[in-house]
Amino acid sequence: MNRYPLWKNLLIGLVLLWGLIYTLPNFYGEVPAVQVSSGKATLKLDASATQKRVEESLAAAGIQHDGLFSDFNSVRARFRDTDTQLKAKDAIEKAFNPDAADPAYVVALNLLSASPQWLTSIGALPMYLGLDLRGGVHFLLQVDMKGAVTKRLDATTGDLRTLLRDKNVRHAGITRENQSVVIRFRDTESQTRARAVITAGTNDLQLTEGQDGADFKITATLTPLAQKSIQEFALKQNITTLHNRINELGVAEPVIQQQGVDRIVVQLPGVQDVAKAKDILGRTATLEIRMVDDTPGALEAAVGGAIPPGTEVYNDREGRPLLVKKQVVLTGERLTDAQPGFDGQTHEAAVHLTLDSAGARIFKDVTRENINKRMAILLIEKGKGEVVTAPVIRGEIGGGRVQISGKMSSEEATDTALLLRAGSLAAPMEIIEERTIGPSLGAENISKGFHSTLWGFVAIGIFMCAYYMLFGFVSVVALASNLLLLIALLSLLQATLTLPGIAAIALTLGMAIDANVLINERIREELRNGSSPQAAITAGYDRAFDTILDSNVTTLIAGIALLVFGSGPVRGFAVVHCLGILTSMFSAILVSRGLVNLIYGKKRKLDKLSIGQVWKPGS
37 MNRYPLWKNL
47 LIGLVLLWGL
57 IYTLPNFYGE
67 VPAVQVSSGK
77 ATLKLDASAT
87 QKRVEESLAA
97 AGIQHDGLFS
107 DFNSVRARFR
117 DTDTQLKAKD
127 AIEKAFNPDA
137 ADPAYVVALN
147 LLSASPQWLT
157 SIGALPMYLG
167 LDLRGGVHFL
177 LQVDMKGAVT
187 KRLDATTGDL
197 RTLLRDKNVR
207 HAGITRENQS
217 VVIRFRDTES
227 QTRARAVITA
237 GTNDLQLTEG
247 QDGADFKITA
257 TLTPLAQKSI
267 QEFALKQNIT
277 TLHNRINELG
287 VAEPVIQQQG
297 VDRIVVQLPG
307 VQDVAKAKDI
317 LGRTATLEIR
327 MVDDTPGALE
337 AAVGGAIPPG
347 TEVYNDREGR
357 PLLVKKQVVL
367 TGERLTDAQP
377 GFDGQTHEAA
387 VHLTLDSAGA
397 RIFKDVTREN
407 INKRMAILLI
417 EKGKGEVVTA
427 PVIRGEIGGG
437 RVQISGKMSS
447 EEATDTALLL
457 RAGSLAAPME
467 IIEERTIGPS
477 LGAENISKGF
487 HSTLWGFVAI
497 GIFMCAYYML
507 FGFVSVVALA
517 SNLLLLIALL
527 SLLQATLTLP
537 GIAAIALTLG
547 MAIDANVLIN
557 ERIREELRNG
567 SSPQAAITAG
577 YDRAFDTILD
587 SNVTTLIAGI
597 ALLVFGSGPV
607 RGFAVVHCLG
617 ILTSMFSAIL
627 VSRGLVNLIY
637 GKKRKLDKLS
647 IGQVWKPGS
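Residue numbers are given in this note's numbering: position 398 of the sequence shown equals residue 434, and the series is strictly consecutive.
Here it is in structure tokens:
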């Protein structure tokens, strides 16, 4: 009557074994490590080649490592102690950055899980710890939305000046005044013609005609839709740029998210060097388009030290020198978009750039005058520049759509497009709040959270065993399996555990045991009504199921609402809360029933159950 088929017992056993394996990495702690990542936006990290170089540099220095690990943007070497870690950092730094004044790679100290290799190889990794548990820095950045609009108006001023000149419309001056562009005219005829030309050329401006003394004027302001679009783009672009920059710090799970309409929250767990973090966040990078000087013998002379006047030497992505003219043709301010794609004729990977109206006109003139010459696209960062690509101009390019192609893979095209889009901040930012949480405070939070969960579990276990006897012990085992599966799920999903998350785990324990209390009381009720022990077990689990399901579904709805509408700590709480509800259903119903079946299922003649005092009617 109360027996599970073999397959169901095996399934429960396999699930618990899986939970144990994926929970284990959280108990090994962390050990010192050295991380190598790209130090320049134009340098892409080749994980396999970098890992080999790290291994060779450590072998040459006679330093033993405890494992090498790589991901999308970094390679990390693990060591047994901090002394070995510091020696390894020096050795790797010398191998990767021979020129200390111009480092190509970021070699940083970090921490890695001490899990055995066999656990890591199957993807069993520990949970990430949030800022409040691991320590680190917290920044609240204010994006200058007014500055983003002003920057756009400055570009619009130049665009309108060029547009009116091309259409032979005379004006008495174009200036930006606060949040508008004012165009002055000597007569109404020029004013009327200019309005028609501007209206045909753009739909982002609201035009108002007026008179200032003897002069006539048109006041152009950005439409509300255009302003909103500019501000949303600036915020999104800044977040993307911050993601790219923070990768250099080696932060395992940074939090970079929008707060309100004009603020960005940046949390960097594990980072204690506030000055380094500020340097990364506040860095500026600019995109420049220049012509390449291909004069015969000029490059060789420049490499030898005799640089021709008006030129500079830069290296391309493969480290080859290139002689580039100092005159800047275009800057990244004229670039509105960059997307990866394919050449329509050769079907090779390419990058498609979109320029604004002024940039399109400049680019058209330059390409018409420099056919069969090379044009270099540079990314200038920290006063140093690198050539992203240097294509040959095959013909005049108009319309503001530019294509960069030539022996690049789809992945390289995607990376190049990302660099061109996110090379610089779209709007200025200011740090308005800064907090540093030390590792000792994080360790104290972990200790408090762990002990609160532990003593809560012990208190529940003592009560259940004292009140429900053997069935109480079964409930405690089911509760332990629930905790095991919850931690395994969080580890598998690589979730970030925060202090509110620990609170959610403690709360989950209380909610999970509630299901076993319902089952045990239902079994007691069946015994009081005269049912046999075996029948009481069956009825208790079957009839309590609907109540347990209803209560968990309603609680899950509240958790999903927190997950959807919450943010930050609230969302971290909701993730643990929702997963805990799912694991508690499995453990309270299947695991506890499986244990009860193993204990009582083979006994045909069963006189009583060890479930505490059963008060019968009339007694």
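All residues carry an ideal CB built from backbone N, CA and C; glycine is no exception.
- Contact between VAL70 and VAL142 does not hold, since the beta-carbon distance rounds to 11 Å and is not under 8 Å.
- The beta carbon of ALA572 is closer than 6 Å to those of ILE559, GLU562, LEU563 in its chain, skipping five residues each way along the sequence.
- Inter-residue distance for ASP119 and LEU145 is about 12 Å (C-alpha atoms, whole angstroms).
- Taking C-beta atoms as the reference points, LEU189 and VAL233 fail to come closer than 7 Å.
- Secondary structure at TYR636: helix, using DSSP grouped into helix, strand and coil.
- Secondary structure of LYS253 (DSSP, three-state): strand.
- According to the DSSP assignment, VAL72 belongs to the beta strand (DSSP E) that extends over 66-74.
- Annotation: the continuous alpha helix (DSSP H) that includes MET547 extends over 535-564.
- About 7 Å separates the CB atoms of PHE175 and LEU317; that is less than 8 Å, so the two are in contact.
- Bounds of the beta strand (DSSP E) holding PRO376 are 371-378.
- The straight-line gap separating the alpha-carbon atoms of TYR64 and SER151 is approximately 6 Å.
- The beta-carbon distance between GLY166 and LEU304, rounded to whole angstroms, is 11 Å. This is too long to meet the 8 Å contact definition.
- Inclusion of ILE549 and ILE496 in the CB contact set at 7 Å is warranted, their separation being smaller than that value.
- LEU258 sits in a strand when the DSSP states are folded into three classes.
- Residue pairing by DSSP puts GLU324 in a beta bridge opposite THR367, LEU414.
- A straight line joining the alpha-carbon of VAL365 with that of ALA531 spans about 47 Å.
- Counting other Cβ atoms within 10 Å of its Cβ, GLY246 stays below 16 and is therefore classed as exposed.
- A distance of 7 Å or more separates the beta carbons of ASN38 and GLY508.
- Around the C-beta of SER646, fewer than 16 other C-beta atoms lie within 10 Å, and the residue is accordingly described as exposed.
- With three or more CB-CB distances shorter than 8 Å, the stretch 83-102 counts as touching the stretch 121-135.
- By the criterion of at least three beta-carbon pairs nearer than 8 Å, the stretch 467-483 is not in contact with the stretch 516-531.
- For VAL217, the uninterrupted beta strand (DSSP E) run begins and ends at 216-221, by DSSP.
- Under the DSSP assignment, PRO464 falls outside any alpha helix (DSSP H); it carries neither an H nor an E label.
- Here the alpha carbons of ALA337 and ILE343 stand approximately 6 Å from one another.
- Restricting attention to ALA137, GLN178, GLY608, PRO569, the CA atom closest to the CA of ASP298 is found in GLN178.
- Of the candidates GLY296, THR276, ILE282, PHE493, PHE493 places its Cα closest to the Cα of LEU543.
- Only buried fits PHE252, as 16 or more other CB atoms lie within 10 angstroms of its CB.
- In the DSSP annotation of this structure, the continuous segment of the beta strand (DSSP E) that includes ASN351 starts and ends at 347-351.
- Nearest C-alpha to LYS44 among LEU94, SER628, GLY576: SER628.
- LEU50 counts as exposed, since fewer than 16 other beta carbons sit within 10 angstroms of its beta carbon.
- Inter-residue distance for ASP401 and THR347 is about 21 Å (C-alpha atoms, whole angstroms).
- At a Cβ-Cβ threshold of 7 Å, SER73 and ASN109 count as neighbours.
- In the three-state reduction of the DSSP assignment, LEU241 falls in the strand class, which pools E and B.
- With respect to the 7 Å criterion, THR390 and THR367 are not classified as neighbours on the basis of their beta carbons.
- By a beta-carbon distance limit of 8 Å, ILE219 does not contact ALA236. Their separation comes to about 15 Å.
- The three-state reading of DSSP puts LEU165 in strand, counting E and B together.
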